[in-house]
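As structure tokens, the structure follows; a few thoughts come after it.
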Amino acid sequence: MSAPAALPSTGDRVRSPWRTQLEEALLPAVVALLIALIVGDVLIVAYGQSPGAVYRLLLEGTWGNAYGLGQVLYKTTTLTFTGLAVAIGLQAGLFNIGAESQLAAGGFAAAVVGTLLPPGLPSLVVLPLFIVAAAAGGGLLGGAAGVLKSRWGAHEVITTIMLNFIGLALLNYLTIAHFKVFDTLHTAEIRSGAVARLSALFPAFHGSAANFVLLLALVTVAAAWWYLFRSRAGFELRAVGLQPAAAEYGGVSVSGVWWRAMLISGAVAGVGGLNFVLGYKHYYEDGFAGGAGFLGIAVAIVGRNNPIGVVLAALLFGTLSQGGLAVNALVPKQMVDVLQAVVIIAVVTSVPEVRRLLRSARRGGRGS
Amino acid sequence: MTVAPGLPADAAPAVIRLTGVNKSFGPVHANRGASLTVAPGEIHALVGENGAGKSTLMRVLSGMYQLDEGTIEVNGRDVTGWNTAQAIAAGVGMVHQHFMLVPTLTVAENIVLGRELTRRGQLDRRRAEQAVSELCVRTGLVVAPDRLVGDLSVGEAQRVEILKTLYRGARILILDEPTAVLSPPEVDELWQVLARMRDDGGTVVLITHKLDEVMEISNTVTVMRHGETVGRVATSQTSPAELARMMVGRDVNLAGSAAPASMPAARADHRHALEVRELTVPDSRRTRAVDAVSFTIAPGEILGIAGVEGNGQTELVEALAGLRRASSGAILLDARDITHLSVRARGDAGLSHVPEDRQARGLILDYSIAHNLVLGQQHRFSRHGTLDEARIARNAADQIARFDIRPTDGSVPARTLSGGNQQKIVIARELGRDFKVLLAAQPTRGVDVGAIEFIHAQLRAARAAGKAVLLVSADLTEVLALADRIAVMYGGRFVALLPRAAANEEVLGAYMTGASGKAA
Amino acid sequence: MMTLAFLTQTVRIAMPYLFASAGGVLSERSGLIGLALEGYMLAGAFCAALGSYYSGSPWVGLLAGVGGGALLALLYALCSVRYKADQVVVGVAINLLAVGLTRFFLRFTFGSSSNSPRIPGFHVTESTTGLLALVQNPLVWMGAAAIPVVAWLLYRTPFGLRVRAVGEQPDAARSVGVHVARVRWIAVALSGAIAGIGGAYLALDQHQFTDQMTAGRGFIALAAIIFGRWDPARIGFACLLFAAAETFQIRLQGVPFIPPQFVEMIPYLLTIVALAGVVGRSVPPAALGHTEE
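Chains as they are written, first to last, in my numbering: chain A, 14 to 381; chain B, 992 to 1511; chain C, 338 to 630.
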């Protein structure tokens, strides 16, 4: 799945690499979902409910009605951005744990820009300005981790964790000390640039937070895919992620790719902040990220660092997040937090194991 | 199968008796029916050219490798198939070329690790240091027990390795090329230690390819060639010439028939495609991996570099390619100074490079054949930042046909190809474009015979087309078959630079093993 | 009195850091990143609340806290050591799992989504200086001992020697017959157990469990480990330093010239500075994060 350039092979003796990759991409995910289902069953039964009823309610509350679906789409949008951010880092061999604060910083920067604009400007005209602001906010934090690694060799896992706390504390300070509306923890409303809800076009979505930043997410997915798999810079970025020594041999500046990848990763996470600020509340609120940055890690891992896979994984985690609210009448919604964690652990643990088993099975089958 | 002159091996009493050892790694037969008999209380040299199978045989003996066929007897007991722990318990210890030490622990801690001395559940540091000190005194291997191993010199680190095996009660000590990392006084000291061990009734097996060492220290010599044991003689009854003859398989003239190394200053036309002046490359251990090496290559010439691996060839090539920083000296490509250019700029200036390790450096294994065929030239195959996939595919189709790469589908990941076809991708990429100078490091390592012939033909074609080629190979036959002039690298320097006509396997072999170095 | 109260408050705040970083350094020195310390602590806090509530004894609570932390740590070891899964992902996921599990069982057992009912803690007498409460709490004495005990374990016992070897050069350890995976399993389980005490301290000190009550303390402990250069004595110092900064911030509440958020950042900024090697490079164990062969 990570090499979409590969077309089905014409060789009839050799097994198609495309099919092999599909098998290796899907089987671990299936195994992981099975494990999550089993854990879910245990929790549900322990709570004295029937798993069938709970899962039915989960599906009905998410995909069964327009409001639920709208909420799923809203959550999916943010997760797509944070998932893409983590995936881009991982394609370069870097682990960006900082999407949480990058997302918040992007949202904050956009909200501040929004309060400075004159009222009544058309959304489409000022949208680029918001994108730049959000990207700059997230990119600043991501880029800082990138430079710390390129220049001083500080491991990005630790620096992004630390920058999470630093960034969130800084945003908290700025909000409280300078930007908040009295007696709240949020900034003033933006004066221009609000993005319409989906319900403006499809009334059935009424009441849900789903909005047209969703389209921006899809455009970003397409752009990320093009960047990673069709651009020269992406060719070099993935080379660094796969084999740094070979990339260096191929004339690529490894440390240059490091800071650029972290900058882009942070920027993409930052743009995710628009979903809340432009599409939903129209202001920045302390703590709005609410773990979406950390779930982005899960989204990237389950989506196997491929932009298309990230969308699907974001949809899965968006559904689970919303599904928790739907089943809250029967079992605590917190069950879903557990299931999300179990999915991550099961995927990351079963991917190498399942791949090993698949490969040895194939070798055995061919008898060589 | 093997004719062993000298001592009748079977009659001698033996502490080690290896018979009929076969060991393969995939298609490579490292040992084929190799045997070794070592008498108690002797220093036994195991000699042979690089790749003769010496290290493999000793790793089988020390339990690191499991043999495919054959038997291992130690002290008269059949121990075939044992593991490292059992070997250690039976008193067999091996000192590897790459040390197995923890740099952040002290000497004493490294030595007792796994067999700690305790007092009421606690580490008894004083007793450990005492035990190490006593061991130092008894063996003459002096090293302060409380020093951090990371602070030690290579020679000291080696002493710790030896002490480690002795602490575990080794009575049979195997040393793999122990002098490769030592200075001459350290070598002398090591000989004293080994001699003392022997006089105490211990047994030493010494892997080496330096004949002067063999003559100096050993009691008995076993010679290996191409994975087989070809001879076992008492050192007192042999000569370097006879050993060299056994090592390479024919008569050897060690008496310095090689012409003295002379730089080809005679080439007055100044048309050097590549000129290297006093190039010095540091290595991680603060020493010089390449020590003020100078040479030139003319267009249409292949300069071969022979030498035992680890004598600076890798560092030389990497420094020329821009992958490693030189501390001083200059590199001129077609009279243009490229010493400080980036890898990519050197490529643009006309430098091609077939790297030594194609799996780690030469290819991105998960990239397709087509993409690997443009690695390093991605900037030439893109427009406005976008990869020009159509041209990449056309280039792939051309190169695949021209260099006979299989499979012919350019979208297949390089990982799935055989070693020979992987190397053809590298060759196609580096020779299939416009270049002036080619660095070819171990171009035929690990590829099958057909691919070797093909690659050799390509290198000759490059020479015919007026390219300058630097060929680094551990395979003497290859160097002799292709090169116009041949340099021998030893200890980071060129110890010989001969025209092809003056070189043959024996002469080069002598320079490589350092035997002629002292004679000259 | 002001200074004494400052000191006692610092010690009190430092307690969870001391436990968590004492556990964390064991895991890190064996080559496993202590990214899940936050999760161990949270599980420890919840299990301690559970144990103390149902038994009426804080000692039972403490034991349960140890068990809760160790259990999560064993899951971490299963994924990272046995199955060689990526340590960073597993660590992050275990933190999420701890949040989810404690929330779920908080609802399940106490029917609340925010906090448990009041639970018995150790009997202490509150005073203005807080000194009495400090010396009467057995957990404080354990916290004071945590770092020295781990230092003793690392530097004075055969097990500690093996931990240090395995985290630095697993191949060298393996070549002399040390069972690398077993050493790592034990180190990780111990790290979870000790971090679990840190969580138990929080719950017993506050006489209840509240949702996400660890509030990033596991990461401050991780910061202390890195800032302390993986050396127990320095780590203990780092914990006290970070706690003092926090006390300072609490005591200065309302003083306008230093915003509290900037004091909050101190541990994290210091850690980045240490990692970037601006003043004296902080070098991690060589095999840290690499469980794949």
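Yeah, the Cβ is synthetic: ideal placement off N, Cα and C, and Gly gets one too.
- Neighbourhood of residue 365 of chain C in chain B, by CB distance below 9 Å: empty, with the nearest CB roughly 13 Å away.
- When the alpha-carbon of residue 1467 of chain B is set against those of B:1419, B:1436 and B:1418, the nearest one is in B:1436.
- Annotation for residue 338 of chain A: 346 place their beta carbon closer than 6 Å to its own, counting only its chain and skipping 5 residues before and after.
- For residue 1049 of chain B, the enclosing alpha helix (DSSP H) begins and ends at 1045-1052.
- Per DSSP, the unbroken alpha helix (DSSP H) holding residue 432 of chain C starts and ends at 424-442.
- Put simply, of C:367, C:347 and C:585 the residue whose alpha carbon is nearest the alpha carbon of residue 567 of chain C is C:367.
- With a cutoff of 8 Å on beta-carbon distance, residue 342 of chain C and residue 462 of chain C are scored as not near each other.
- Contact check for residue 314 of chain A and residue 357 of chain A: beta-carbon distance about 6 Å, within the 8 Å limit, so the pair qualifies.
- Within 10 angstroms of the beta-carbon of residue 1046 of chain B lie 16 or more other beta-carbons, which makes it buried.
- CA-CA distance, residue 95 of chain A to residue 362 of chain A, rounds to 22 Å.
- In the three-state reduction of the DSSP assignment, residue 171 of chain A falls in the helix class, which pools H, G and I.
- Within the model, the alpha-carbon separation for residue 427 of chain C versus residue 1111 of chain B is close to 38 Å.
- Residue 1384 of chain B is a Cβ neighbour of residue 1401 of chain B, given a cutoff of 8 Å.
- Straight-line spacing of the CA atoms in residue 442 of chain C and residue 360 of chain C works out to 25 Å.
- Leaving aside the five residues that flank residue 164 of chain A on each side, none in its chain has a CB nearer than 7 Å to its CB.
- With a cut-off of 8 Å on Cβ pairs, the region 1106-1125 of chain B is in contact with the region 488-497 of chain C, counting three or more such pairs.
- The beta carbons of residue 1297 of chain B and residue 1477 of chain B sit about 6 Å from each other, so the pair counts as a contact at 8 Å.
- For residue 510 of chain C, the nearest beta carbon of chain B is closer than 8 Å to its own beta carbon.
- The bridge partners DSSP lists for residue 1085 of chain B are B:1165.
- Ranked by Cα distance from residue 259 of chain A, the options B:1362, B:1066 and B:1274 are led by B:1362.
- Between residue 383 of chain C and residue 439 of chain C, the beta carbon gap of about 4 Å places them in contact (Cβ cut-off 8 Å).
- Checking the DSSP bridge columns, you'll see residue 33 of chain A has no partner listed.
- Shown here for residue 368 of chain A: same chain residues with a beta carbon closer than 8 Å to its own, the five before and five after excluded, namely 37 and 41 in chain order.
- Looking at the backbone, the Cα of residue 391 of chain C and that of residue 182 of chain A are separated by about 38 Å.
- Annotation for residue 1271 of chain B: 1279, 1281, 1282, 1283, 1317, 1318, 1319 and 1320 place their beta carbon closer than 7 Å to its own, counting only its chain and skipping 5 residues before and after.
- In the structure shown, residue 162 of chain A adopts helical secondary structure according to DSSP, grouped into three states.
- Using beta-carbon distances, residue 1113 of chain B counts as an interface residue toward chain C, with a partner under 8 Å.
- Residue contact check for residue 1047 of chain B against chain A: no CB pair falls below 8 Å.
- For residue 251 of chain A, the enclosing alpha helix (DSSP H) stretches over residues 245-255.
- As DSSP reads the structure, residue 452 of chain C sits in a beta bridge with C:547.
- Within its own chain, the residues whose Cβ lies closer than 7 Å to the Cβ of residue 557 of chain C, once the five positions on either side in sequence are excluded, are 354, 579 and 604, listed in chain order.
- Neighbourhood of residue 502 of chain C in chain B, by CB distance below 7 Å: 1093, 1096 and 1104, in chain order.
- The beta carbon of residue 188 of chain A sits closer than 6 Å to the beta carbons of 299 from its chain, once the five residues preceding and following it are set aside; these are given in chain order.
- Just so you know, the alpha carbons of residue 273 of chain A and residue 223 of chain A end up roughly 31 Å apart.
- Look at residue 564 of chain C here: in three-state DSSP terms it is helix.
- Taking every protein chain shown into account, the CB of residue 1330 of chain B has 16 or more other CB atoms within 10 angstroms, so this residue is buried.
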